[in-house]
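S.K.: The following block contains the structure, expressed as structure tokens.
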Amino acid sequence: MNLRDLRYLVALADLRHFGRAAESCHVSQPTLSTQVRKLEEELGVSLVERAPRHVMLTAAGQDIAMRARRVLAEVEQMRETARRTADPEAGSVRLGLFPTLGPYLLPHVVPRIRKRFPRLELLLVEEKTEVILHMLREGRLDAAVLAMPLHEEWAESEFLFEEPFMLAVPDGHPLAGRRNLRLGELGDQHLLLLEEGHCLRDHALEVCGLAGAGEKEGFRATSLETLRQMVAAGVGVTLLPVLAVKPPVPASEDIRLLSFRDPPPSRRLALVWRRSSAMGVFLKDLAGVLRDLPAGLLDLPADDPPGKRPAKP
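Counting in this note's numbering, the final residue of the sequence shown is number 327, and the numbers go up one at a time with none missing.
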């Protein structure tokens, strides 16, 4: 048994196809198939159910593939420890972000990260929170920016910032002439929300619960931009995180943005990584850069007269 064979098994578990697994490992299909069979012979158990058009792992194969991921992740941590010892600010970082944050945060922080860590290779992965946590736990990500709270014993976190929400309403809506409102004034509203799996949906439902508001039936958006377009089309109202209404995001002539009076509903963001990670000291430094946002970026445009365009940071 060697690390190469474990990589072959993990690739097969992920891709469920001998050809694609071999391609991802940069070997021929016969080579990968032969090595997996040798691994089965060494362990004395079938790992793979082979069918003409698909591949399935046996129960033993699934368990061993999961353990193989841990072994490979630990080996990578050994290499990372050596790299970071030689040059703490070089190498690569695989960073996960969820879709309702990544496109709006990255334009503000990537230039700062490149300036602070010029030798760092930043590899970005955008997925829903549940997928990011799974990848982080398995060692396929080094860190992630996630919404708090998390209840994972294996995770370490560093608080970054608190991002307030705004209410987006169509031009002509009864609330469109308001500058701000109290949370309780949402009580008679039915908000447009994202589909299951988005953490922003959970936050919005929490706000709805506090305000006595409900969800608009018959519609669930797949993205924040879809929600924005539905509001602009006059379909309903929604909550938008403040980063999603600040430049470089273009303002809509058909949407009015309302601030909430103190305290506004918000989400707390943190950088998260495995407690066992060899990158902990470096990731705390990275968190400092992510926390250092441009002045005014998270401010609510509450001091401007009612209008369509958000205040610039």
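From the three backbone atoms N, C-alpha and C, an ideal C-beta is built for every residue, glycine too.
Note that this is a predicted model, so its numbers are computed, not measured.
Return yes when the Cβ of ALA218 is within less than 8 Å of the Cβ of LEU257, no when it is not.
M.R.: For LEU257 and ALA218, no; Cβs fall outside 8 Å.
S.K.: Can you list, in chain order, the stretches of the alpha helix (DSSP H) that have 4 or more residues and sit fully within the stretch 104-159?
M.R.: Complete alpha helix (DSSP H) runs here, min 4: 116-130 and 143-152.
S.K.: Where HIS68 and SER47 are concerned, what is the direct C-alpha to C-alpha distance, given to the nearest angstrom?
M.R.: So the alpha carbons of these two residues sit roughly 14 Å apart.
S.K.: I think PHE274 touches LEU195, with their Cβ atoms under 8 Å apart; what is that distance to the nearest whole Å?
M.R.: Confirmed, Cβ separation roughly 6 Å.
S.K.: Kindly indicate which three-state DSSP category ASP28 falls into: helix, strand or coil?
M.R.: Looking at ASP28 - three-state DSSP - the assignment turns out to be helix.
S.K.: Output yes if chain B places a C-beta closer than 8 Å to the C-beta of VAL62; else output no.
M.R.: Reference to chain B is not applicable here, since this structure consists of a single protein chain.
S.K.: Give every residue of the same chain whose Cβ lies closer than 7 Å to the Cβ of GLN43, excluding the five residues on either side of it in the sequence, and list them in chain order.
M.R.: Correct list, in chain order: PHE32, GLY33 and ALA36.
S.K.: PRO278: which of LEU53, LEU120 and VAL221 sits nearest, CA to CA?
M.R.: Nearest C-alpha to PRO278: VAL221.
S.K.: Could you tell me the distance, in whole angstroms, from the CA atom of PRO125 to the CA atom of GLY58?
M.R.: Distance between the alpha carbons of PRO125 and GLY58 is about 52 Å.
S.K.: Would you kindly work out how many angstroms separate the C-alpha atoms of LEU283 and VAL123, rounded to a whole number?
M.R.: When rounded, the distance between both Cα atoms is 14 Å.
S.K.: Out of curiosity, what's the CA-to-CA distance linking LEU155 and GLY186?
M.R.: Distance between the alpha carbons of LEU155 and GLY186: 45 Å.
S.K.: So what's HIS217 in DSSP terms, helix, strand or just coil?
M.R.: The answer is helix: DSSP assigns HIS217 an H, G or I state.
S.K.: Could you tell me the distance, in whole angstroms, from the CA atom of ARG30 to the CA atom of GLY250?
M.R.: Each residue's Cα considered, the two are about 42 Å apart.
S.K.: Can you check which of these residues, LEU115, ASP19, LEU23 and GLU88, is closest to GLU176 by C-alpha distance?
M.R.: With distances taken between Cα atoms, GLU176 lies closest to LEU115.
S.K.: Let me know the secondary structure DSSP gives ALA169 once reduced to three states.
M.R.: Note: ALA169 maps to strand in three-state DSSP.
S.K.: Can you list, in chain order, the residues of its chain with a C-beta nearer than 6 Å to that of PRO138? Leave out the 5 residues immediately preceding and following it.
M.R.: Note on identity: in this sequence residue 138 is Leu, with Pro being the wrong assignment. Closer than 6 Å at Cβ, skipping near neighbours: LEU109.
S.K.: Counting C-beta neighbours from all protein chains within 10 Å, is the total for GLN49 16 or more, i.e. buried, or is it exposed?
M.R.: Label assigned to GLN49: buried.
S.K.: In terms of residue numbering, what span does the beta strand (DSSP E) encompassing THR252 cover?
M.R.: First-last of the beta strand (DSSP E) with THR252: 252-255.
S.K.: Using the C-alpha atoms, what's the distance from SER291 back to ARG93?
M.R.: Taking the straight line from one Cα to the other gives about 11 Å.
S.K.: Are the CB atoms of ALA100 and TRP287 nearer to each other than 8 Å?
M.R.: It is not a contact, given that the beta carbons lie outside the stated cut-off.
S.K.: Tell me which residues share the same chain as ALA104 and place their Cβ nearer than 6 Å to its Cβ, disregarding the 5 neighbours each side in the sequence.
M.R.: The residues are ARG133.
S.K.: Please classify LEU224 as buried or exposed, where buried requires at least 16 other C-beta atoms within 10 Å of its C-beta.
M.R.: Burial call: exposed.
S.K.: For the alpha helix (DSSP H) containing VAL1, list its first residue and its last residue.
M.R.: The displayed coordinates of the chain run from 15 to 327. Any statement about residue 1 would go beyond what the structure contains.
S.K.: Tell me which residues share the same chain as PHE173 and place their Cβ nearer than 6 Å to its Cβ, disregarding the 5 neighbours each side in the sequence.
M.R.: Once the five neighbours on either side are set aside, the close Cβ partners of PHE173 are ALA284.
S.K.: Please classify PRO113 as buried or exposed, where buried requires at least 16 neighbouring CB atoms within 10 angstroms.
M.R.: Buried, because 16 or more other Cβ atoms sit within 10 Å of the Cβ of PRO113.
S.K.: Might you give, ordered along the chain, the residues of its own chain that have their beta carbon closer than 6 Å to the beta carbon of GLY248, omitting 5 neighbours on each side?
M.R.: Taken in chain order, the residues that qualify are PRO184.
S.K.: So, for LEU60: in the same chain, excluding its five sequence neighbours on each side, which residues have a beta-carbon less than 8 Å away from its beta-carbon?
M.R.: At residue 60 the sequence reads Ser, which differs from the Leu that was named. Only GLU54, THR72, ALA74 and GLY75 meet the Cβ criterion.
S.K.: Rounded to whole angstroms, what's the CA-CA distance from LEU164 to THR143? Just pull it up for me.
M.R.: Their Cα atoms are separated by approximately 11 Å.
S.K.: Which same chain residues end up closer than 6 Å to ALA301 when comparing Cβ atoms and leaving out the 5 residues on each side of it in sequence?
M.R.: Counting only Cβ-Cβ distances below 6 Å, and skipping sequence neighbours, we find GLU172 and LEU285.
S.K.: Name the DSSP bridge partner or partners of ARG288?
M.R.: Answer is ALA169, bridged to ARG288.
S.K.: Going by DSSP, name the residue or residues bridged to ARG270.
M.R.: For ARG270, which the question treats as bridged, DSSP gives the partners VAL183.
S.K.: Is it buried or exposed for ARG128, if we count other Cβ within 10 angstroms and need 16 for buried?
M.R.: Answer is exposed; the Cβ neighbour count stays below 16.
S.K.: For VAL303, which option in LEU20, LEU119, LEU181 and MET80 has the closest C-alpha, if you only look at C-alpha atoms?
M.R.: Considering only alpha carbons, the answer is LEU119.
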